[in-house]
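Residue numbers (the working numbering), protein chains in the order written: chain D, 15 to 533; chain S, 852 to 1048.
Built from N, CA and C at the ideal position, the CB exists for glycine as well.
These notes are about the structure you will find just below.
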Amino acid sequence: MSVTNAGHADVVIVGVGAAGAVLAAKLARAGLSVVALEAGPHRDSEDFASDELSMLYELFWLDERISSGKDPIELGWPNSGRGVGGGTVHFVGYALRFHEDDFRTKTVDGVGEDWPISYQDLEPYYAEVERFNQVSGPTFFPWGPHQGPFPKRSHVSSCMHDTFRRGCERIGARSTAGPMFIITSPTKDRKPCTYRGFCKFGCKPKAKSSTLVTYVPEALRHGATIIANAMVTRVNIGKTGRVESVTYVHKGREFEQKGDTFILSAYSVETVRLLLHSTSASFPNGLANSSGVVGKFLMVHSADFVIGKYDAMIRQYRGPQGLALTQEWYSRKPDDGFVRAYTLETETLQPIEFSKALIRGKGLWGQRLVDEMRDYNHYASFGIVGECLPSENNTVTLSDELDEFGIPRAKVTYSYLDNDKKIIEHSVRKCEEIHDAAGAFETFQYPGSAHLLGTCRMGDDPKTSVVDKWCRTHDVKNLYVCDGSVFTTGAGVNPTLTIEALAARTADYVVETKKRREL
Amino acid sequence: MEGYPDYDVTAKQDSWDSKTRFVLERRIVIVPKLLFFNPDEARSLEAAVARLLPQSRPNSIPVVPFVDEKLARNVTDGTRYENMPSMCELWRLFVSTLDEEARVRHEKRFDVLEAETQDMVLGAILKGESRSLPWKKIPARLAFEHIVSTVAAIYYAHPSVWSEIGWGGPKYPGIYVRVRCGRKDPEEAGEVGHVRD
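Here it is as C-alpha cells:
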C-alpha cells in the first residue's frame, strides 16, 4: 500500500478525548499548527438516539481486548470511548479534584508512589478546566483542599440522589451534590439538562460538558485540524532519535503525518499498544520504554454498585445519572486496617444496564429476572470509586493475535491487591448502611471496575517511570504521553478532571518550550 | 408492586426526536433474517431464550434474530476473557451444548423438553455441570452471564417492555420536571396498587 504524505504540523496529537481535546484547543489558541487524529467518528450531538441499546454499540471502544488476571476487568463499556470527545461522551460527569495527600501516598501512607508534582502544581489548572467546562457544584464542598466556589450552581436533585443523601444524613455522614461536568444554565449553543438520565449514552442537549461540546469547538475555532476515523497504527522514529511522524489509516488508505512534537492521548490501553508496537533498532522493547515500565502499573477504580430495593417509587431513570456523593471516609489510616481513599456516589442505571446488574450481581435469569425487572422503579443504585494501588503485575501487554490493522491485540491483566479488596469491603458496607438508613428492605452488590490508569506512569526517575512531570517521555524529547496512563496513583475519585488539568498544564509547557526555542 | 397495565410508553412517541423515532421504528419493524445460525440451531436457541426471559405476551418480541445479527456482523462487546472462545464460537458452543445436554440426559432435542426440564438443563450449563466437554473448559458462569445479558439487552430495548417496567422512555426534547421523591410528571407511569408515588 502506498503511503500518502499528510503534511507537517507543529504538534500532532493522537486521540481526541478528555486530554487530546484540551491540548488541541490550548495549543491552537497559542498559535501553533495542530493536527489531532481520532480513531472514531466526529458526531453531532443531535445524532445521538435516546436509546440505550444503540448508544451502547455506538460510543464505546469495542474492539476486542483480551482480559486476564485474578480479577479480569471489563474493557469495553465502562472504560473507553471511541470518537471525538472520547470517554467524555459517555462519562457520568463527576468533576472531583484529588486531595493533597493523593499525590504523595508513599510519604503519607507508605504505599504506592509519590507523584513528581503536588496538588499546588495542579491547582491553577483544576480551576482553569472547571471554569472552561462551567462545572456546576454546591455552595460548599466539605472535603479536601477545594471547598468551592464552582462556576455554576448545583442541579435539582432527583429522587434517587435525595434517597442517598437522606440515608447519609440518618447515619450521621455528610453528603453533598457533587461538582458535575453538567451545566445548570443554558448557553447560546447548549440547552439545559432535561433530567432524562442519559449522560452515559450521549447527551443530546449538550448540557454535559464532554470535550465534544467544550474544548473541541474551541480547538476548531482556533484553527486546529481534527481528523476523525483516523486510526494511528505506528509512531515512526527518525535517525536523530526523535519522532518524525505517525502512520494512520483513514478510509482504507495509509497516511504519514509529520510534525515537530507528538502527544499520545489514546488512554491507558491504546497508548501502550502504540508504544509497544512501534519498535525500531534504537527502541527494540517499544518506544519510550527503556525503563521497561510501559504497560505496567495499570490501575482501575473498584466501581462496585450497591443496589437497594425500596417500597417507595425511586424512578432512577430521572435526573443526571450522577449527582450525590460523600467522601466521609476518604482518607483511611492504618488503624482502619487499610489505607487510602474512596468516594461513594450515586449513579443511575437505565433498564439494560440494570438488567445486567441483576444478572451479574444477583445471578438472576428466567422468571425471577423478569419479575425483578418489573420492579425497576423501586431500585436505587449507589456506587463506589475505590482507589487501587499500583502493582507491577497489573499490565497491558501485546498478545499474539493481530487486529484488522495488523497491530497485536492488547492483553490486559488485572488482580486486586489486599488493600484494594479491603477498600471494596468497607465502602460496600457503607453503601449498605446508607441504603438501610434510607429505607431499603434489601440490597445486592454488583461488582465492577472503571477507569484505566497508570501504564505510562509519571516520575522523576527515568528508570522507574515513562514520562517526566510535564508528561514528556524520558527517552524521546519530542514525544509526550498525556492521558490517564500517566497517573502515578489513582486516588479515590473519577479521573477526568485531573486528566484535563494535566493536559492543560502540559499544553502550557509545550507552548513555553516552543517559545524558548524561538528566542 | 403490581405493574403498569395502563401505561404505554409509545403513546408519547410524537414528542420523541426524529433520530430516536427512526431507530425505534426500525427495531420494531425490521426483524433481521437469520445469517449466522442454521434453522436447527435457531430452534434450540429460541427454546432457550424463552426460558432465559419468559414472555407472557400473545406475540413474543423477537430476540434470536437480533442475536443472530450481532453474531453475523461480529459486533463484539470489547472484552474477551482469557480461556473464553471468541463471541461467535461461544454462541455456537452454547447452542450445541443445549442439545448435547438434552440428548445425554433426556434423549431428546432441547426444544421438545418440558419447560421445567429445560430449566434444569440450563441450570446445569450455568454451573458448568454439563456433560459437554468443550463447555467444561470455559468459565461457565461468565459465559452464561454473557448469554443472558445479551438476550436481556435486546429484550429491554423494546418499547413494549419499557411500558411493562414503567420506564419513562426517550425524553428529548421534553424535560422531566417533578423529579423529587413522591412526585411524577403526568405522563410518567403510575403503578397499580401504589397509592403514593
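Paired residues, beta bridge with residue i - DSSP
i: S/E996; result: Answer is none; S/E996 lacks a bridge partner.
i: D/Y393; result: D/K323
i: D/F458; result: D/I321
i: D/I513; result: BP columns for D/I513 are empty, so no partner.
i: D/E401; result: D/H315
i: S/K863; result: Beta-bridge pairing links S/K863 to no other residue.
i: D/R486; result: D/Y494
i: D/R118; result: D/D128
i: D/R346; result: D/R354
i: D/V17; result: D/E268
Start and end residues, beta strand (DSSP E) containing residue i
i: D/E258; result: 257-264
i: D/E359; result: 356-360
i: D/H113; result: Taken as a continuous stretch (DSSP letters only), D/H113 belongs to no beta strand (DSSP E), as it is neither H nor E.
i: D/E415; result: 409-416
i: D/V495; result: 493-495
i: D/S463; result: 463-467
i: D/A338; result: 338-340
i: D/K425; result: 422-427
Coarse secondary structure for residue i, derived from DSSP in three states
i: S/V1046; result: With a pLDDT of only 49 at S/V1046, under 50, the local geometry of the prediction cannot be trusted, and no value is derived from it.
i: D/H535; result: Residue coverage of chain D in this structure runs from 15 to 533, which leaves residue 535 of chain D outside it and unanswerable.
i: S/V874; result: helix
i: D/V442; result: helix
i: D/R329; result: coil
i: S/M935; result: coil
i: D/K529; result: helix
i: D/K376; result: coil
i: D/A505; result: coil
i: D/I448; result: helix
i: S/A1008; result: coil
i: D/A221; result: coil
i: D/T478; result: coil
i: D/I366; result: helix
i: D/A191; result: strand
i: D/R210; result: coil
i: S/T948; result: helix
i: D/I27; result: strand
i: D/T201; result: coil
i: S/R1031; result: coil
i: S/K884; result: coil
i: S/T1100; result: Chain S is shown only over 852 to 1048; residue 1100 of chain S falls outside these bounds and no answer can be derived.
i: D/S166; result: Per the sequence shown, the amino acid found at residue 166 of chain D is Lys instead of Ser. Looking at D/K166 - three-state DSSP - the assignment turns out to be strand.
i: D/I3; result: Look at the range of chain D in this structure, 15 to 533, and you will see that residue 3 of chain D is not part of it.
i: D/Y523; result: helix
i: S/E940; result: helix
i: S/E958; result: coil
i: S/I912; result: coil
i: S/E1038; result: coil
Residue range of the alpha helix (DSSP H) that includes residue i
i: D/R235; result: 229-235
i: D/R179; result: 173-184
i: S/T968; result: 966-977
i: S/S895; result: 890-903
i: S/F917; result: 915-923
i: S/L984; result: 984-987
i: D/M472; result: Note, D/M472: premise wrong, no alpha helix (DSSP H); not H, not E.
i: D/E386; result: 381-388
Any non-hydrogen atom of the ligand ATP closer than 7 Å to residue i Cβ
i: D/A109; result: Ligands in the displayed structure: none, and consequently the ligand ATP is not present.
**Message:** Ignoring anything shorter than 4 residues, give me the alpha helix (DSSP H) runs that lie fully in the segment 44-107 of chain D, in order along the chain.
**Reply:** Fully enclosed alpha helix (DSSP H) runs of 4 or longer: 66-70.
**Request:** Residues of the segment 882-914 of chain S with a CB closer than 9 Å to any CB of chain D: list them in chain order, please.
**Result:** Taking 9 Å as the Cβ-Cβ cut-off against chain D, the residues of the segment 882-914 of chain S that qualify are R902, L903, L904, P905, Q906, S907.
**In chain order, each alpha helix (DSSP H) run of at least 4 residues that lies wholly inside the segment 123-164 of chain D** = Entirely contained in the segment 123-164 of chain D, the alpha helix (DSSP H) runs reaching 4 residues are, in chain order, 133-147.
**Prompt:** If contact means a Cβ-Cβ distance below 8 Å, which residues of the segment 944-978 of chain S contact chain D?
**Reply:** Using a CB distance below 8 Å, the part of the segment 944-978 of chain S facing chain D consists of D970, L973, L977, ordered along the chain.
**Contiguous beta strand (DSSP E) assignments of at least 3 residues, all confined to the segment 238-313 of chain D** = Taken in chain order, the complete beta strand (DSSP E) segments of 3 residues or longer contained in the segment 238-313 of chain D are 239-241, 244-251, 257-264, 267-278.
**Prompt:** What residues from the segment 1013-1026 of chain S come within 9 Å of chain D, judged by C-beta to C-beta, listed N to C?
**Reply:** Residues of the segment 1013-1026 of chain S whose Cβ lies closer than 9 Å to any Cβ of chain D, in chain order: W1013, E1015, I1016, G1017, W1018, G1019, G1020, P1021, K1022, Y1023, P1024, G1025, I1026.
**Message:** Give me the subset of the segment 303-327 of chain D whose CB atoms are less than 9 Å from a CB atom of chain S, sorted by chain position.
**Reply:** Residues D325, A326, M327.
**Prompt:** If you measure beta-carbon to beta-carbon, which residues of the segment 921-932 of chain S are closer than 7 Å to chain D?
**Reply:** Of all residues in the segment 921-932 of chain S, those with a C-beta nearer than 7 Å to a C-beta of chain D are V926, T927, D928, G929, T930, R931, Y932, reading in chain order.
**Item:** Within 7 Å of chain D by C-beta, residues of the segment 864-879 of chain S in sequence order
**Value:** If the cut-off is 7 Å between Cβ atoms, the segment 864-879 of chain S has W867, D868, K870, T871, V874, L875 near chain D.
**Request:** Name, going along the chain, the residues of the segment 196-214 of chain D whose beta-carbon falls closer than 9 Å to a beta-carbon of chain S.
**Result:** Going along the segment 196-214 of chain D in chain order, one finds K205, P206, C207, T208, Y209, R210, G211, F212 with a Cβ nearer than 9 Å to chain S.
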